[in-house]
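Only one structure is covered here, and it is reproduced in the block below.
There are 2 protein chains.
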Amino acid sequence: MTELRADARRNHERVLDAATEVFAASGPDASIDEIARLAGVGHGTVFRRFPTKDDLMYAVIERHVAQICSLAEEALASDDPAEAFFGFARAAAELGMTTPGLHKCIVHCGEKPRGAELEELGTKIVSRAQRAGGLRRDVEPSDVAPLIRAALIAAPPGQWRRYLDVVLDGLRS
Amino acid sequence: MTELRADARRNHERVLDAATEVFAASGPDASIDEIARLAGVGHGTVFRRFPTKDDLMYAVIERHVAQICSLAEEALASDDPAEAFFGFARAAAELGMTTPGLHKCIVHCGEKPRGAELEELGTKIVSRAQRAGGLRRDVEPSDVAPLIRAALIAAPPGQWRRYLDVVLDGLRS
DNA sequence: CCTCAAACGGACTACCGAGTCCGCTTACAG
DNA sequence: CTGTAAGCGGACTCGGTAGTCCGTTTGAGG
Numbered sequence: 000m001t002e003l004r005a006d007a008r009r010n011h012e013r014v015l016d017a018a019t020e021v022f023a024a025s026g027p028d029a030s031i032d033e034i035a036r037l038a039g040v041g042h043g044t045v046f047r048r049f050p051t052k053d054d055l056m057y058a059v060i061e062r063h064v065a066q067i068c069s070l071a072e073e074a075l076a077s078d079d080p081a082e083a084f085f086g087f088a089r090a091a092a093e094l095g096m097t098t099p100g101l102h103k104c105i106v107h108c109g110e111k112p113r114g115a116e117l118e119e120l121g122t123k124i125v126s127r128a129q130r131a132g133g134l135r136r137d138v139e140p141s142d143v144a145p146l147i148r149a150a151l152i153a154a155p156p157g158q159w160r161r162y163l164d165v166v167l168d169g170l171r172s
Numbered sequence: 000m001t002e003l004r005a006d007a008r009r010n011h012e013r014v015l016d017a018a019t020e021v022f023a024a025s026g027p028d029a030s031i032d033e034i035a036r037l038a039g040v041g042h043g044t045v046f047r048r049f050p051t052k053d054d055l056m057y058a059v060i061e062r063h064v065a066q067i068c069s070l071a072e073e074a075l076a077s078d079d080p081a082e083a084f085f086g087f088a089r090a091a092a093e094l095g096m097t098t099p100g101l102h103k104c105i106v107h108c109g110e111k112p113r114g115a116e117l118e119e120l121g122t123k124i125v126s127r128a129q130r131a132g133g134l135r136r137d138v139e140p141s142d143v144a145p146l147i148r149a150a151l152i153a154a155p156p157g158q159w160r161r162y163l164d165v166v167l168d169g170l171r172s
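Sequence lines, in order, name chains A and B. Taking numbering that gives the first Met the number 0, the leading residue of the first sequence gets 0, the next gets one more, and so forth. Taking numbering that gives the first Met the number 0, the leading residue of the second sequence gets 0, the next gets one more, and so forth.
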């Protein structure tokens, strides 16, 4: 069996869900206590599974990234590289903005988690679009995500689509 | 005269300078103690002049904004509205990036300080450029600064000029 | 000089959040 | 059913910061 008692596995799940919700709402400043309360466990339980707050944050992001990866794969399947890129950017933004605080968490974490898989897929999408001439060449693939994320964070509540448009237009050749 | 003893005035000055330096380096999370230490005063002295940390931060930003205002006035003097805008944006960014943490402070403070004067000048510059057709019309004047600031914050140390270029290109009609 | 209010500065309080510890509870194997 | 190790959770420690208070120092007017 999974080497984990049933209640332990259940709590692990609950904590991850609660953490996602709380980090999404409050960004990296969310407190472990609040997460534990929402999960309905003592905060000692949280720390047993995730020795530090950052570990927990990584885990949340990791799970979130998995969803984005599948979008990225779809995009790579398309045969219009430029449209694939812009479509993917919008879709990913759409998904990400359901959990705005996570952007700040990703920024906070810096390099650490950022699933290598997504990193790679993203690079492919960007450089493919650049080769096809739909995307300016003087940006590194690794610049694109931070730029977009920054605009999304800065945008006032209802306005992020407009902000995104500006940045995406700026990225066109 | 200023109704303020000589040493008081001198310390006020020192605190403001130290605060500028520390906030510029560490953003809004800088601690009052560090500022007081750098200023060479006890932290009680800091609190006497600036009852809360935010008050101090506002004061620092206020002073910083004054410098930007003079750039804005120059820009309004130019008779090429579009170039005035883009030139001003670059100049202000250049100035602002000598004190990167202040961007985060401005974001942190939200509406509160934001000198009304600069607000007004900025609006004029933007809408003048829009009327002249050099700037896309689907952005509000109040969107421009946050967008640019976001890009500057997100940029890795040496790279902010490239990030700025992307955003500015996105703002062109 | 001398006085004294203004100004100083550091000890102190209050609070908050991360991370530890340990006595109690409970899943589950035998 | 029972023994026991895995798991639980809250009390506790520790560190760090905003803001207060008050005994001491000092600038400046008379």
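Virtual Cβ for every residue (Gly too), placed ideally from N, Cα, C.
Express the C-alpha separation of residue j and residue i in angstroms, rounding to a whole number.
i	j	result
LEU146 (chain B)	MET56 (chain A)	27 Å
SER30 (chain A)	THR44 (chain A)	14 Å
ALA18 (chain B)	LEU117 (chain B)	22 Å
SER25 (chain B)	ASP53 (chain B)	15 Å
LEU170 (chain B)	LEU151 (chain B)	15 Å
ALA23 (chain B)	THR97 (chain B)	8 Å
PRO27 (chain B)	VAL14 (chain B)	16 Å
TYR162 (chain A)	ALA153 (chain B)	15 Å
ALA83 (chain A)	ALA58 (chain A)	28 Å
GLY132 (chain A)	ALA35 (chain B)	54 Å
GLU139 (chain A)	GLU72 (chain A)	20 Å
ILE104 (chain A)	ALA5 (chain B)	Residue identity check: residue 104 (chain A) is Cys in the sequence provided, not Ile. Near 47 Å, if we compare the C-alpha coordinates of ALA5 (chain B) and CYS104 (chain A).
ALA91 (chain A)	LEU70 (chain A)	7 Å
ARG127 (chain A)	ARG113 (chain A)	21 Å
GLN158 (chain A)	GLU93 (chain A)	12 Å
ALA76 (chain B)	SER172 (chain B)	22 Å
PHE85 (chain B)	LEU167 (chain B)	7 Å
ARG160 (chain B)	ASP137 (chain B)	24 Å
ARG201 (chain A)	ALA65 (chain A)	This structure cannot speak to residue 201 (chain A), because chain A is shown only from 0 to 172.
ASP78 (chain A)	HIS102 (chain A)	29 Å
HIS63 (chain A)	ALA115 (chain A)	14 Å
ALA144 (chain B)	PRO155 (chain A)	12 Å
THR122 (chain B)	ILE60 (chain B)	19 Å
HIS42 (chain B)	GLU20 (chain B)	16 Å
LYS111 (chain A)	ILE67 (chain A)	17 Å
At 9 Å on the CB atoms, spell out the chain B contacts of residue i, in chain order.
i	result
ASP54 (chain A)	Correct list: empty, because the minimum Cβ distance to chain B is about 22 Å.
LEU146 (chain A)	ALA149, ALA150, ALA153, ALA154, TYR162, VAL165, VAL166
For residue i, return the contacting residues in chain B, with the cut-off set at a CB-CB distance below 8 Å.
i	result
ASP137 (chain A)	ARG161, ASP164
Chain A partners of residue i, CB-CB under 8 Å?
i	result
GLY41 (chain B)	Here the premise fails: no neighbours, minimum Cβ distance about 29 Å.
In chain B, which residues lie with their C-beta within 7 Å of the C-beta of residue i?
i	result
LEU170 (chain A)	VAL165
ASP79 (chain A)	Near ASP79 (chain A) there are no residues of chain B at all, since even the closest Cβ is about 21 Å away, more than 7 Å.
Once DSSP output is grouped into helix, strand and coil, what is the label at residue i?
i	result
LEU75 (chain A)	helix
ARG136 (chain B)	coil
ARG171 (chain A)	strand
VAL14 (chain B)	helix
LYS123 (chain A)	helix
PHE192 (chain B)	Residue 192 (chain B) lies beyond the range of chain B shown here (0 to 172); nothing can be said about it.
PRO155 (chain B)	coil
THR51 (chain A)	coil
Please compile the residues from chain A whose C-beta is within a distance smaller than 9 Å of the C-beta of residue i.
i	result
ASP28 (chain B)	Near ASP28 (chain B) there are no residues of chain A at all, since even the closest Cβ is about 10 Å away, more than 9 Å.
ASP16 (chain B)	Within chain A, no residue comes near ASP16 (chain B); the closest Cβ sits about 29 Å away, beyond 9 Å.
Under 7 Å Cβ-Cβ, which residues of chain A neighbour residue i?
i	result
ASP32 (chain B)	The contacting residues do not exist; ASP32 (chain B) stays about 20 Å from chain A at best.
**Asked** Which residue spans inside the segment 93-122 of chain A form an unbroken alpha helix (DSSP H) run of at least 4?
**Response** 100-108
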